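Asks: Order-wise, the sequence lines are chains D and L.
Numbering follows my numbering, in which position 105 of the first sequence is assigned residue number 105; successive positions increment by one, without gaps.
Numbering follows my numbering, in which position 8 of the second sequence is assigned residue number 400; successive positions increment by one, without gaps.
Idealized CB from N, CA, C, for every residue including glycine.
In this text the structure is predicted, and so the values were computed from the model without any measurement.
Structure below; questions to follow.
Number of protein chains: 2
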Amino acid sequence: MMIQSRQESVVRVLYEFPPGVDPKRQGQNLALGQTVGSLVPGMAAQIASYQGTLESSDVLSDGRGQAWVRYPSHNVSGDLGSLLVMILGKYSLAGPAKIRRLELPSDYGARGRWGFDGIARLARVSGRPLFMGIFKPALGLSPDDLARILREVGEAGLDLIKDDEILPDTPASTALSRIRACRPILEEIERTQKRTMLYAVTLSGRADKLLDSARRLREAGANAYLLSPFAYGLSVMEALASHPDTNLPIFAHPAMAGALGGSPDYGFDMSVLLGTLMVHGGADAVLYPTSAGNLPISADTESDIRNTLLHGGLAPVPSAGVHPGALPRFLPDRNTRIILNAGTGIMDHPQGPAAGVKAFHEAWARWQNQESFSPDALPEGPLKAAVLKWGT
Amino acid sequence: MMIQSRQESVVRVLYEFPPGVDPKRQGQNLALGQTVGSLVPGMAAQIASYQGTLESSDVLSDGRGQAWVRYPSHNVSGDLGSLLVMILGKYSLAGPAKIRRLELPSDYGARGRWGFDGIARLARVSGRPLFMGIFKPALGLSPDDLARILREVGEAGLDLIKDDEILPDTPASTALSRIRACRPILEEIERTQKRTMLYAVTLSGRADKLLDSARRLREAGANAYLLSPFAYGLSVMEALASHPDTNLPIFAHPAMAGALGGSPDYGFDMSVLLGTLMVHGGADAVLYPTSAGNLPISADTESDIRNTLLHGGLAPVPSAGVHPGALPRFLPDRNTRIILNAGTGIMDHPQGPAAGVKAFHEAWARWQNQESFSPDALPEGPLKAAVLKWGT
């Protein structure tokens, strides 16, 4: 999982094509068509330095073709928008092609200013995974409901909470009204527990309004953002990650990623969408579905995403299928630089949300001591109730 | 091709699923999962007004399933970002689903301030299609090259010209340097021909920089923008279309649309991407591939896109496969509210770019007089040379 290019001045892309498509020919079409467009007689010297190169091509045993194409990085503008136009752009209309790997110069794009370490430092947690919850139900909660839920899970020791991504600014609930309702509780937790609980609030609206709103939310006490970059634009996340007035951790949500990465033949590998493009797009933490849940994602893909994020210093945030008894599953290689995000896994705990939070802390303590998670071995309490409901 | 909803307060979406997927069940999952998330005991009344509804479901004769789902429009924020999160968002990760039709309240999103009529008025053209060219090669032209090409095609009567979308701000060619090189020629054409030739310049960069740059370009004399909204974000186009300082016609390029619409089972129908979302995203003119070219798009899809744009008052800009002899093909129903965009069809004319432009005007005159386009019937000149090279 390389995310740096061997040469700093090029962009390398691995394309995959369905059986029957000639990868050599398509690789050549990409190298030419996505750069100089066509060979113009008499201008060959003038445009030579812009032309892409087919590095290699291959037909795999299952008949699928692959081609590595190398593009000069001075063809693009240092941002992800012009990068996407170059590496897939109009070619996307020419037939099936899926980008499997993307290697960029290490300083390409926007880099998150926080990453896992910055978030953990803010939350004053070290040496263990962070635990994140989600306000539920997604829509229809009043400011009082939010404050009540926040106090309950905050007192129980939850590190972070987020809006559901489907809660934008609505007439009944603006992000600003949510921050105003929650700020006193966050301050109370800060005062009594000597830690900062983070609340990632959903950003929405057209690009200029979204960025203005992000500034105002920070002024009003927001301490983290939730953005769906595939719905709003990677360019918006890059802006958010770059401006001094929006210097808060950015939690990137994978909404719409399936439209760009679900098909076997079109778009992008999930590890490019939720890994490489996040690392170079300014995200600090990235939510992604896990193979432990009921979404169709393979363990290999999940691992690719996680490793790309870790390598880039970002916080992997496995989501969907996360509940207290499943904690060991998310700590392979004893890596604890991860944020476990549970919606129902906290809010629908049989003994209530506070017990859901406590069950995660209990699971962490048991995991550290290498104790069994089998129901028979568990003492009565939140973790046992969680395991009886959701398993391990 | 309805683009207004029957009821102004709802968003209606037609989803299609591959054979074997139960459209009724998935429609219900969408109606619930993409709105309130889950049914919360004791909060049913509070969240009822946010819940989506499965309107109908059906299994087609080929086994594919369809479901119409209706969402309250107060669940979203009046912008396309929150709309995409609601109608596809996290569900996109749950398995194959393709949005075939999208119906929005008529005032939803951002609406282009120019449309076809505004662009034609600016260009001082009425009663005929507009002719648009593309600077070629895409990369590597110097400011002097641009000025020379622009003068040649401008003097020959070209209405509009655009950058290639793969030419962002690069170290060797910023959009500002291009506008500075071309402005004197545009002013010369204005003075001598009493018309405004439009030059759609490529916008690039992270969202805030892109919007700033668009303002500066307008101050420097730019009179049209080229944006790839699927690479930069629809939210960026909405912002561009809404701000008083960026009040210029927006030409939307379909780069990346294939990643979102190429697959039969994932993402969006091309008529939603390049039609409905453009009408509600603030575009004034939309480039799309034609079935006359070598890109895999059906005549029906082309017609759907064109009709959606026309119905919304936008300028359809058929691209790829456009050359002088093909003009009649793009004027079905004698509709002339269209912009014909030719890259090689002008720049690679056997007698040079000026002849390419003249061939389009000649084709238009013949079409008006209902004269034959067969090579035998054509007088010697630019059109005949074009037809001999590219056919009709």
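Who are the Cβ neighbours of L/Glu447 in its own chain at under 6 Å, not counting the five residues just before and after it?
Replies: In the second sequence, the residue the question calls residue 447 of chain L occupies position 55. Taken in chain order, the residues that qualify are Trp460, Arg462.
Asks: Which residues mark the beginning and the end of the beta strand (DSSP E) in which D/Pro143 is found?
Replies: In the first sequence, the residue the question calls residue 143 of chain D occupies position 143. Element bounds for D/Pro143: not the beta strand (DSSP E) but the alpha helix (DSSP H), 143-155.
Asks: Flag this pair as yes or no: are the beta carbons of D/Ala239 and L/Lys554 separated by less than 9 Å?
Replies: Within the first sequence, residue 239 of chain D is the residue found at index 239, counting from 1. Within the second sequence, residue 554 of chain L is the residue found at index 162, counting from 1. No.
Asks: Quick one: does D/Ala239 have its CB under 9 Å from some CB of chain L?
Replies: For the purposes of this step, residue 239 of chain D is identified with residue 239 of the first sequence, where counting begins at 1. Yes, contact with chain L.
Asks: Report the three-state DSSP secondary structure of D/Ser263 (helix, strand or coil).
Replies: By 1-based counting over the first sequence, the position of residue 263 of chain D is 263. Correct three-state label for D/Ser263: coil.
Asks: Touch check for the segment 168-175 of chain D and the segment 643-651 of chain L: three-plus C-beta pairs under 8 Å?
Replies: Touching, no.
Asks: Using the Cα positions of L/Glu579 and L/Pro415, report the straight-line distance between them to the nearest angstrom.
Replies: To locate residue 579 of chain L, count along the second sequence from 1; it is residue 187. To locate residue 415 of chain L, count along the second sequence from 1; it is residue 23. Answer to the nearest angstrom: the Cα atoms are 58 Å apart.
Asks: Give a yes or no on whether 9 Å exceeds the smallest Cβ distance from L/Gly449 to chain D.
Replies: Taking the first residue of the second sequence as 1, we reach residue 449 of chain L at position 57. It is worth fixing the name first, because residue 449 of chain L is Ser in this sequence and not Gly. For L/Ser449, the answer is no, since every Cβ of chain D falls outside 9 Å of its Cβ.
Asks: Go ahead and pull the three-state DSSP assignment for L/Leu780.
Replies: As a first step, residue 780 of chain L must be located in the second sequence, where it is residue number 388. It is helical.
Asks: Could one say the Cβ of L/Pro636 lies closer than 9 Å to chain D's Cβ atoms, at least one of them?
Replies: Counted from its first residue, the second sequence places residue 636 of chain L at position 244. It does not: the Cβ of L/Pro636 has no partner Cβ on chain D nearer than 9 Å.
Asks: DSSP on D/Gly109, reduced to helix/strand/coil?
Replies: If you number the first sequence from 1, residue 109 of chain D lands on position 109. Coil.
Asks: Got a sec: is the Cβ-Cβ distance from D/Leu285 to anything in chain L below 9 Å?
Replies: The residue labelled residue 285 of chain D in the question sits at position 285 within the first sequence. The sequence given here places Ala at residue 285 of chain D; Leu does not occur at that position. So, not an interface residue.
Asks: For D/Leu388, which residues of its own chain have a beta-carbon under 7 Å away from its beta-carbon, when the five flanking residues on both sides are left out?
Replies: Mapped onto the first sequence, residue 388 of chain D falls at position 388. Pro375.
Asks: Starting from D/Gly236, follow the alpha helix (DSSP H) in both directions and report where the run begins and ends.
Replies: Within the first sequence, residue 236 of chain D is the residue found at index 236, counting from 1. With the sequence shown as reference, residue 236 of chain D is identified as Val, and Gly is not the correct amino acid for it. D/Val236 -> alpha helix (DSSP H) spans 234-242.
Asks: Let's test the definition: count the other Cβ atoms within 10 Å of the Cβ of D/Gly233 and tell me whether it reaches 16, buried, or not, exposed.
Replies: Taking the first residue of the first sequence as 1, we reach residue 233 of chain D at position 233. Classification for D/Gly233: buried.
Asks: Below 8 Å on C-beta distance, what does L/Ile439 contact in chain D?
Replies: Counted from its first residue, the second sequence places residue 439 of chain L at position 47. What L/Ile439 touches in chain D: Pro137, Leu139, Gly140.
Asks: With a Cβ-Cβ cutoff of 9 Å, do D/Gly154 and D/Met197 count as a contact?
Replies: Locating residue 154 of chain D in the first sequence gives position 154, where the first residue counts as 1. Locating residue 197 of chain D in the first sequence gives position 197, where the first residue counts as 1. Yes, Cβ-Cβ distance for D/Gly154 and D/Met197 is below 9 Å.
Asks: Got a sec, what are the start and stop residues for the alpha helix (DSSP H) L/Asn421 sits in?
Replies: Residue mapping note: residue 421 of chain L aligns to position 29 of the second sequence, counting from 1. Segment 415-425, the alpha helix (DSSP H) holding L/Asn421.
Asks: Determine, using beta carbons only, whether D/Leu66 comes closer than 9 Å to chain L.
Replies: One-based indexing of the first sequence puts residue 66 of chain D at position 66. Reading off the sequence, residue 66 of chain D comes out as Gln, not Leu. So, not an interface residue.
Asks: Can you tell me the Cα-Cα spacing of D/Ile166 and D/Leu139, whole angstroms?
Replies: Here residue 166 of chain D corresponds to residue number 166 of the first sequence, with the count starting at 1. Here residue 139 of chain D corresponds to residue number 139 of the first sequence, with the count starting at 1. Rounded to whole angstroms, D/Ile166 to D/Leu139 spans 8 Å at the Cα level.
Asks: In whole angstroms, what separates the C-alpha of L/Met394 from that of D/Glu103?
Replies: Stepping through the second sequence from its first residue, residue 394 of chain L is reached at position 2. Stepping through the first sequence from its first residue, residue 103 of chain D is reached at position 103. With a pLDDT of 41 at L/Met394, under the threshold of 50, the predicted position of this residue should be treated as unreliable, though the coordinate-derived value follows. Cα to Cα, L/Met394 sits roughly 43 Å from D/Glu103.
Asks: CB D/Gly112 to CB D/Gly313, shorter than 9 Å?
Replies: One-based indexing of the first sequence puts residue 112 of chain D at position 112. One-based indexing of the first sequence puts residue 313 of chain D at position 313. A contact, by the Cβ cut-off of 9 Å.
Asks: For the ligand SAH, I want to know if D/Met347 counts as a neighbour, meaning its beta carbon is within less than 8 Å of at least one of the ligand's heavy atoms.
Replies: The model on display carries no ligand, and the ligand SAH is accordingly not part of it.
Asks: Should L/Gly685 be labelled buried (16 or more other beta-carbon atoms within 10 Å of its own) or exposed?
Replies: Position 293 of the second sequence, counting from 1, holds the residue named residue 685 of chain L. Buried.
Asks: How do the segment 646-664 of chain L and the segment 88-105 of chain D stand: do at least 3 beta-carbon pairs fall below 8 Å, yes or no?
Replies: They touch, by the three-pair rule.
Asks: Tell me which residue opens and which closes the alpha helix (DSSP H) that D/Ala354 is part of.
Replies: Here residue 354 of chain D refers to the residue found at position 354 when the first sequence is read from its first residue. Looking at the DSSP string, the run of the alpha helix (DSSP H) that includes D/Ala354 is 353-368.
Asks: According to DSSP, is L/Thr594 part of a helix, a strand, or is it coil?
Replies: For the purposes of this step, residue 594 of chain L is identified with residue 202 of the second sequence, where counting begins at 1. It is a strand residue.
Asks: May I have the straight-line CA-CA distance separating D/Leu273 from D/Ser213, to the nearest angstrom?
Replies: By 1-based counting over the first sequence, the position of residue 273 of chain D is 273. By 1-based counting over the first sequence, the position of residue 213 of chain D is 213. Each residue's Cα considered, the two are about 26 Å apart.
Asks: Suppose the cutoff is 6 Å on Cβ atoms and the five residues either side in sequence are ignored; what does the same chain contact list for L/Gly457 look like?
Replies: Here residue 457 of chain L refers to the residue found at position 65 of the second sequence. Here the set comprises Phe409, Val413, Pro415, Val451.
Asks: Answer with buried or exposed for D/Pro229, where buried requires no fewer than 16 other C-beta atoms within 10 angstroms of its C-beta.
Replies: Translated into the one-based positions of the first sequence, residue 229 of chain D becomes position 229. Buried is the call here.
Asks: Does L/Thr562 have its Cβ less than 9 Å from a Cβ in chain D?
Replies: Indexing the second sequence from 1 puts residue 562 of chain L at position 170. Yes, contact with chain D.
Asks: What does the alpha-carbon distance come out to for the pair L/Leu475 and L/Tyr407?
Replies: Position 83 of the second sequence, counting from 1, holds the residue named residue 475 of chain L. Position 15 of the second sequence, counting from 1, holds the residue named residue 407 of chain L. Going from the Cα of L/Leu475 to the Cα of L/Tyr407 covers about 15 Å.
Asks: Are the C-beta of D/Met197 and some C-beta of chain L separated by less than 9 Å?
Replies: Against the first sequence, residue 197 of chain D aligns to sequence position 197. False, the Cβ-Cβ gap to chain L never drops below 9 Å.
Asks: Any C-beta of chain L within less than 7 Å: which residues of the segment 140-170 of chain D qualify?
Replies: So the close ones are Gly140, Asp164, Glu165, Ile166, Pro168, Asp169, Thr170.
Asks: Is the shortest distance between the beta-carbon of L/Ser766 and the beta-carbons of chain D less than 9 Å?
Replies: The residue you call residue 766 of chain L lines up with position 374 of the second sequence. No, no contact with chain D.
Asks: What are the boundary residues of the beta strand (DSSP E) that D/Pro289 is part of?
Replies: To locate residue 289 of chain D, count along the first sequence from 1; it is residue 289. 285-289 is the extent of the beta strand (DSSP E) around D/Pro289.
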